[in-house]
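Data block below; observations after.
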Amino acid sequence: MNSYGLTEETRKRLYSVLRDRPEPSGIVQLAGDASTRTYFRVAYPTGQTVIAMLQATAGANEEAAFIELSRFLESRGLPVPSILAYSKEESALLLQDLGDELLESVVENASSDDISRLYSDAVDLLVRMRSATETPDPGCRAYSLAFDEEKLMQEMHFFLEHFVIGFARLQPSPAALKTLESFFLNICQNLAREPRIFAHRDFHSRNLILHEDRLFMIDFQDARMGPAQYDLASLLRDSYISLPEDLIETLISRYTDSVSDPDPIRFRYIFDIMSLQRNIKALGTFGYQSWVRNSDRYLSAIPRTGLHVARNLAKYAEFATFRQVLEDHIVDPATAPHLLDDLH
4 MNSYGLTEET RKRLYSVLRD RPEPSGIVQL AGDASTRTYF RVAYPTGQTV
54 IAMLQATAGA NEEAAFIELS RFLESRGLPV PSILAYSKEE SALLLQDLGD
104 ELLESVVENA SSDDISRLYS DAVDLLVRMR SATETPDPGC RAYSLAFDEE
154 KLMQEMHFFL EHFVIGFARL QPSPAALKTL ESFFLNICQN LAREPRIFAH
204 RDFHSRNLIL HEDRLFMIDF QDARMGPAQY DLASLLRDSY ISLPEDLIET
254 LISRYTDSVS DPDPIRFRYI FDIMSLQRNI KALGTFGYQS WVRNSDRYLS
304 AIPRTGLHVA RNLAKYAEFA TFRQVLEDHI VDPATAPHLL DDLH
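Read in order, the letters of the sequence shown correspond to residues 4 to 347 in this note's numbering.
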């Protein structure tokens with residue numbers, strides 16, 4: 004049996020989901036993401052390929068959420084990769100191979116018309132998911148989890164710990180910390196009061212794959228209930244793609260027109276503060292990946308994310324004090340492209 008350059012332990016875990024299939028012609032490890040999961044593309048002589056996913060620890064059942072959400076979303080007619088085989092003992096999954104065409108990579112060389120079409124399709128998928136998940140499923144954990152005030156504030160504190168103090172190696176003054184806490188509480192309380200719908204949680208260009216001219220969703224295992232703007236903010240204020248502002252306006256209108264939102268002005272305000280919360284949380288994740296996990300994969304996303312934060316803060320006079328604290332005591336997001344030069 005070919006080892007394909009794998010360790011004995013990895014090969015054993017992979018073959019727990021491959022044993023009932025023909026011998027592969029190749030197994031190649033794929034680039035990872037922010038999780039501790041490991042992915043492999045398994046090829047067969049026929050030309051067919053499948054994806055094997057291993058959780059970090061065999062038998063820890065960390066994949067339970069993925070399996071549950073996958074089956075739920077598929078049952079609601081939503082596009083996700085099919086599960087082909089599963090080993091609970093080895094925490095290994097075999098999945099449909101959707102290819103490598105992440106939305107992020109597709110739009111890099113796409114025309115403006117194609118970008119508009121692709122993002123319109125993504126917004127339409129959000130509308131479809133909202134409708135398909137409107138009726139709760141008591142067996143789906145997402146309906147018992149929510150972006151409440153506590154959860155949203157946890158993410159803000161994660162930013163302070165891992166981006167400001169850890170990654171940027173800065174210690175804000177007590178007065179600055181008080182201002183930050185007040186700002187975080189303000190936006191998190193506003194968001195927590197909003198009506199909640201099913202939210203993918205990471206609906207952005209690295210978690211949407213174009214397969215046979217359709218967008219499929221991946222990395223959905225952390226879904227929970229949140230504001231209607233949550234996934235839309237993830238998509239349109241993406242840390243990896245900068246969309247033209249006029250296209251963003253068009254796409255927000257496309258969404259609100261499709262769901263008949265009664266108050267588009269209020270919807271846009273919540274969209275902006277949801278984007279703030281999402282982008283600040285993302286900076287915390289990027290800081291954690293660099294500072295704790297010693298990964299530089301997300302460093303290039305920091306300047307764009309900082310600019311998203313700066314531009315949203317500049318829109319509202321109520322955020323002027325926080326904006327000043329951010330610039331004086333932490334980092335000026337408007338000059339975020341220089342951050343990497345200063346720190347790394």
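We treat Cβ as the ideally placed atom computed from N, Cα and C, and that holds for glycine.
For clarity, every value in this text was computed on a predicted model and none was experimentally measured.
Minimum C-alpha distance to residue i - residue among the options
i, options, result
"D299", "R307, G290, P306", "G290"
"A231", "N189, M277, R217, D222", "M277"
"E77", "C143, S245, Q32, E152", "C143"
"I30", "R22, A55, L106, R196", "A55"
"R271", "Y233, A59, L148", "Y233"
"E137", "K318, T324, V262, V312", "V262"
"N297", "F219, H165, N189, T49", "H165"
"L98", "E104, S85, E92, S108", "S85"
"Q157", "F187, D222, S147, P265", "F187"
"V328", "P139, L33, E184, A67", "E184"
"R217", "V130, S237, E92, E104", "E104"
"P48", "A202, K91, L239, S28", "S28"
"V53", "L239, P265, L17", "L17"
"A236", "P25, F206, E330", "F206"
"L57", "E26, T13, A34, P25", "T13"
"T64", "F150, E93, P267", "Strictly speaking, residue 64 in this sequence is Asn, with Thr absent from that position. Per the Cα distances, E93."
"E321", "F201, N189, P267, E215", "N189"
C-alpha distance - residue i paired with residue j, whole-angstrom precision
i, j, result
"G62", "I251", "43 Å"
"N352", "L180", "The structure shown does not extend to residue 352, since the chain is modelled only from 4 through 347, so no value can be given for it."
"P141", "R204", "19 Å"
"D275", "A68", "30 Å"
"S293", "L302", "7 Å"
"K318", "C191", "18 Å"
"S256", "R120", "15 Å"
"V110", "Y122", "9 Å"
"S114", "F223", "28 Å"
"L367", "L101", "Residue 367 is absent from the structure shown; the chain starts at 4 and stops at 347."
"I305", "L155", "20 Å"
"L269", "L310", "In the sequence as displayed, the identity of residue 269 is Arg instead of Leu. Their Cα atoms are separated by approximately 23 Å."
"R22", "E11", "15 Å"
Residue i and residue j closer than 8 Å at C-beta
i, j, result
"L96", "V20", "yes"
"A145", "A226", "yes"
"L106", "L213", "yes"
"S208", "I244", "yes"
"V83", "M220", "yes"
"D159", "I273", "Strictly speaking, residue 159 in this sequence is Met, with Asp absent from that position. No, these two residues do not count as a Cβ contact at 8 Å."
"L87", "Y258", "no"
"L316", "R326", "yes"
"F161", "G8", "no"
"R199", "A135", "no"
Supposed close pair residue i, residue j - CB separation, criterion 8 Å
i, j, result
"I70", "Y89", "7 Å"
"M132", "L81", "6 Å"
"S242", "A178", "Rounded, the Cβ-Cβ distance is 29 Å, inconsistent with contact."
"S211", "A125", "It should be pointed out that residue 211 corresponds to Leu in this sequence rather than to Ser. With 8 Å as the limit, L211 and A125 qualify as a contact, their Cβ atoms being about 6 Å apart."
"A59", "R40", "7 Å"
Any C-beta of chain D under 8 Å from that of residue i
i, result
"E65", "Here chain D cannot be found, since the structure has a single protein chain."
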